[in-house]
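Peer 1: Residues in the sequence shown are numbered from 461 upward in steps of one, following the numbering used here.
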Amino acid sequence: MKYILLLFTSFLFAQQTQFVDFKLVSGQLSFNTKDKLISGAVDFQFEVLEECDTIALDAKNMEFSNVKINENEIMFINTNKELKLVFPFKKGQNHLTFNYTAKPKQALYFVDMGNDEVQIWTQGQGRYTSNWFPSFDDVNEKLIFNLGISYDKDYQVVSNGVLKDKKANGGLNHWQFEMEKPMSSYLLMLAIGKFDKKEFKSKSRIPLEYYYEPKDADRFEPTYRYSIRIFDFLEKEIGVKYPWKINRQIPVRDFLYAGMENTTSTLFATRYVVDSIGFCDRNYTNVDAHELAHHWFGDLITAESSTHHWLQEGFATYFALLAEKDIYGEDYFYSKLYDTAQQIKFASRTDVIPVLNAKASSLTFYEKGAWALFVLHESIGDKAFKKAIKSYLNKYAYQTVNTQNFFDEIKKVSDFDLDKFKKTWLESTTFDTPTANALLSKNKTIQKRLEIDKLKKTPFAEKKDILKTTLESDVYQSVKEAVVDQLENEKYEDKKSLLLLALQTNNTKVRQNVASSLTTIPEEFRANYETLLDDKSYQTQEIALYWLWRNFPNHRTEYLNKSKNWIGFNDYNLRTLWLSLALSTTNYSNDTDSLANELIAFSSAKYEATTRQNALEKLIAFKIINDQVLSNLVGATTHHMWQFSKFGRDTIRLLLKNPEMRASFNRILPNLTPDEQFQLNRLLKE
């Protein structure tokens, strides 16, 4: 063993990318869905740049066999984090092949859809791809990936690149995907599910494939309403042709984030699969544009380290906002910038980590990064900005970059003081409000918004006329929303006329603000507030139904009858609320058992995490708790979505403070799965 250690000790002190250049990998993959296993035959082509005695691949908790270099079996070490290849590597081209199996703890997920149906999808961002495919956690190692995947012929399979071949083999199909250009490993993906798709072409003739589950066919148009327009806009705005051969978008169940920009094939959360009413509150437009912008800023050029992460997230956020400006107009654009400026300013009171820091918050990387680009764009002018962006992308295409690389291109088109800019926007944690306000004030909506916000501490009697005039004007909705915000803590008698004006705007967002800010509803305002139940917004309907039910017990039956067939978003927000209210209304139903069973079913593993959490929150809040509810709550603690599992743990901790609940949890313990028992035992022992 000493001999082996000596061989690669010297190698550990240098970056592998200086010694070895991996160029291409082909993987032929298959799955054992029952046991959640992946197995594959892998073929790497690489060049040794400097002689070395060990090469490592990142590979977590995998088993390997038939490990060969240039057709010869070699010694290897499997640390369960890396596959180390021990061999006297000489300069020149080499060929590595092996077989592997893995049961990934993360990054590749098998989502049970019920009825023996499954979705399989990956999420590699960070350093996670090496949980399911032997690869490289270092983003600086870029290579061409070609995956072949065998799976049940009744399913659709998607991976990066162009589908080169599809062959039937008994009950399986084999799908062969190929890339032409290199990328970082975290962008490797696959998705398997029972999808349909529609195919289009961009203005530049790039194939566009938009996927959906068959049950969501009537939601296709609202979900992808602006997708083609966004694609065409970004190609034109960025000034560099889309750098890949195809673009796909696939919604998957229980996705960890809003979306992920895997090269050529974006995955996104099914919460953005909406109908025309859902579009009002929860549409895919921004996520769509953000993930697509990453295909240039992140996929084509990749930040060399987390310190420069803003080069990906700040750019994607800013260009997504430019795409939204093209769709929704300048008032929307400036209002979004204004809102994020307020968020950044508020956060900066406690957030002391700047943009150029690997530990910066998402708000800092995304929103402050976008703000920095907005300031730069406005300061050097549109022509110079676009010229620099184009040069930056073309110069560093399929490579990694840092902030100085970007600045070097800016310097070629402008004598703008980048040192001052860097200190102010990228190295300081304060927000440059005077500069921000000066830029925002070019927009008349923001001029009015600033005027309204200055009135926050002004006595109501002194500002009432200005607020009234604003609500009566044709100013953009965000200003009217700001007016409603200022009414929240005023006496009802004083603000009644303004609330009525706000409702009369017939603007969905302004009316929604009234719904959420007026939680104590006077009887004389009841009829006016009831009109919110008819708004074309599932979010407004949910807020209004709840507060009307709370405020007017004598009218509960009337409200429940009106809303009994409501479903809402695809997380059943209105149906779960209706069930909990119906169960909590005395003498409303003669069949409370079936209502309770329906609500409890929504908390089970049959549904997505957002639906389950919706149902569990309502079951517990309205004290509709039995052993099945508690079992479903424990089930949440083992879910792959950290937000849902955290909700499960935190809720159980609260319930365990009650001795009767503690006894109930102990009673159900023997009937849980081993993973659930492990999680509950930990909580019981805290």
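The beta carbon of each residue, even a glycine, is placed where N, CA and C say it ideally should be.
Since the structure is predicted, the reported quantities are computational estimates derived from the model, not experimental observations.
Does the distance from the C-beta atom of L961 to that of K928 stay below 8 Å?
Peer 2: Taking 8 Å as the Cβ cut-off, L961 and K928 qualify as a contacting pair.
Peer 1: With contact counted as at least three CB pairs below 8 Å, one residue from each stretch, are the segment 730–740 and the segment 776–793 in contact?
Peer 2: They do not touch, by the three-pair rule.
Peer 1: Using 8 Å for Cβ pairs, my map puts F558 next to Q616. What's the rounded Cβ distance?
Peer 2: In fact, because the Cβ distance is near 29 Å, the residues do not count as touching under 8 Å.
Peer 1: One question on the structure: do K563 and L489 come within less than 8 Å of each other, judged by their Cβ atoms?
Peer 2: Taking 8 Å as the Cβ cut-off, K563 and L489 do not qualify as a contacting pair.
Peer 1: Tell me which same chain residues have a C-beta within less than 7 Å of the C-beta of T767, skipping the five on either side of it?
Peer 2: L816, N817 and A818, listed in sequence order.
Peer 1: Check R672 in the structure and name its three-state DSSP category.
Peer 2: According to the sequence displayed, residue 672 carries Tyr and not Arg. Three-state result, Y672: strand.
Peer 1: I need the straight-line Cα distance from E838 to Q964, nearest angstrom please.
Peer 2: Using only the alpha carbons, I get a separation of about 37 Å.
Peer 1: Assign N1141 to buried or exposed, taking buried as 16 or more other Cβ atoms, counted over all protein chains shown, within 10 Å of its Cβ.
Peer 2: The residue in question, N1141, is exposed, as its Cβ has fewer than 16 Cβ neighbours within 10 Å.
Peer 1: Please state whether the Cβ-Cβ distance between I706 and V622 is less than 8 Å.
Peer 2: Contact flag set, yes.
Peer 1: Around the Cβ of D625, are there at least 16 other Cβ atoms within 10 angstroms (buried) or fewer (exposed)?
Peer 2: With fewer than 16 Cβ atoms within 10 Å of its Cβ, D625 is classed as exposed.
Peer 1: Does DSSP put T723 in a helix, a strand or coil?
Peer 2: Coil at T723, not helix or strand.
Peer 1: Determine the contact status of A801 and W756, defining contact as a CB-CB distance below 8 Å.
Peer 2: Contact flag unset, no.
Peer 1: Going straight from the alpha carbon of V812 to that of H750, what length do you get?
Peer 2: Distance between the alpha carbons of V812 and H750 is about 26 Å.
Peer 1: In whole angstroms, give me the CA-to-CA distance for I529 and Q864.
Peer 2: One C-alpha to the other measures close to 39 Å.
Peer 1: Evaluate the contact criterion for the segment 680–694 versus the segment 659–669: three or more CB pairs, one atom per stretch, below 8 Å.
Peer 2: With the cut-off at 8 Å, the segment 680–694 and the segment 659–669 touch.
Peer 1: For P667, which beta-bridge partners are listed by DSSP?
Peer 2: Note: P667 sits in a beta bridge opposite K661.
Peer 1: Are D714 and A1065 closer than 8 Å when you measure CB to CB?
Peer 2: In this structure, A1065 does not lie closer than 8 Å to D714 by Cβ.
Peer 1: N1014 by DSSP, collapsed to three states: which one?
Peer 2: Correct three-state label for N1014: helix.
Peer 1: Out of curiosity, what's the CA-to-CA distance linking P594 and N862?
Peer 2: Their backbone Cα atoms lie some 26 Å apart in a straight line.
Peer 1: Is S997 buried or exposed, if buried means 16 or more other CB atoms sit within 10 Å of its CB?
Peer 2: Buried: at least 16 other Cβ atoms inside 10 Å.
Peer 1: Between which residues of its own chain and Q1139 is the CB-CB distance below 7 Å, once the five residues before and five after are set aside?
Peer 2: Excluding sequence neighbours, Q1139 sits near V1094, T1097 and T1098.
Peer 1: Check this for me: beta carbons of L752 and L823, under 8 Å apart or not?
Peer 2: Cβ atoms of L752 and L823: not closer than 8 Å.
Peer 1: In this structure, does DSSP put F1082 in helix, strand or coil?
Peer 2: Residue state, collapsed to three classes: coil.
Peer 1: Quick check on the DSSP output: what are the complete alpha helix (DSSP H) runs of length 4 or more inside the segment 789–855, in order along the chain?
Peer 2: Qualifying alpha helix (DSSP H) stretches, in chain order: 790–807, 829–840 and 842–855.
Peer 1: Going by DSSP, which residues form a beta bridge with M522?
Peer 2: Partner(s): A562.
Peer 1: Are the beta-carbon atoms of L517 and L543 separated by less than 8 Å?
Peer 2: Yes, they are a contact pair.
Peer 1: Comparing alpha-carbon positions, which option in N1086, D1051 and N1047 lies nearest I1060?
Peer 2: Among N1086, D1051 and N1047, the Cα nearest to that of I1060 belongs to N1086.
Peer 1: Should S645 and T589 be called a contact, given that it needs their Cβ atoms to be closer than 8 Å?
Peer 2: For S645 and T589, yes; Cβs fall inside 8 Å.
Peer 1: Quick one: Cα of A780 to Cα of H754, how far?
Peer 2: So the alpha carbons of these two residues sit roughly 9 Å apart.
Peer 1: Am I right that I761 and A820 are in contact with their C-beta atoms under 8 Å? What's the rounded C-beta distance?
Peer 2: Rounded, the Cβ-Cβ distance is 19 Å, inconsistent with contact.
Peer 1: For the candidate residues T895, R986, N988 and L1020, whose alpha-carbon lies nearest to that of E1002?
Peer 2: Out of T895, R986, N988 and L1020, L1020 has the C-alpha closest to the C-alpha of E1002.
Peer 1: Using only CA atoms, which one of R1109, F1107, Y717 and N1092 lies nearest to T1133?
Peer 2: Comparing Cα positions, the closest option is N1092.
Peer 1: Which of the three DSSP states, helix, strand or coil, is assigned to K544?
Peer 2: Strand at K544.
Peer 1: Mark W1102 as exposed unless 16 or more other C-beta atoms lie within 10 angstroms of its C-beta, in which case mark it buried.
Peer 2: W1102 comes out exposed.
Peer 1: Applying the 10 Å Cβ sphere with the 16-neighbour rule, what's the burial state of H769?
Peer 2: With 16 or more other Cβ atoms within 10 Å, it is buried.
Peer 1: Leaving out the 5 sequence neighbours to the left and right, which residues in its chain are closer than 8 Å to N606 when beta-carbon positions are compared?
Peer 2: Taken in chain order, the residues that qualify are L484, V485, S486, G487, G621, Q636, F637, E638 and M639.
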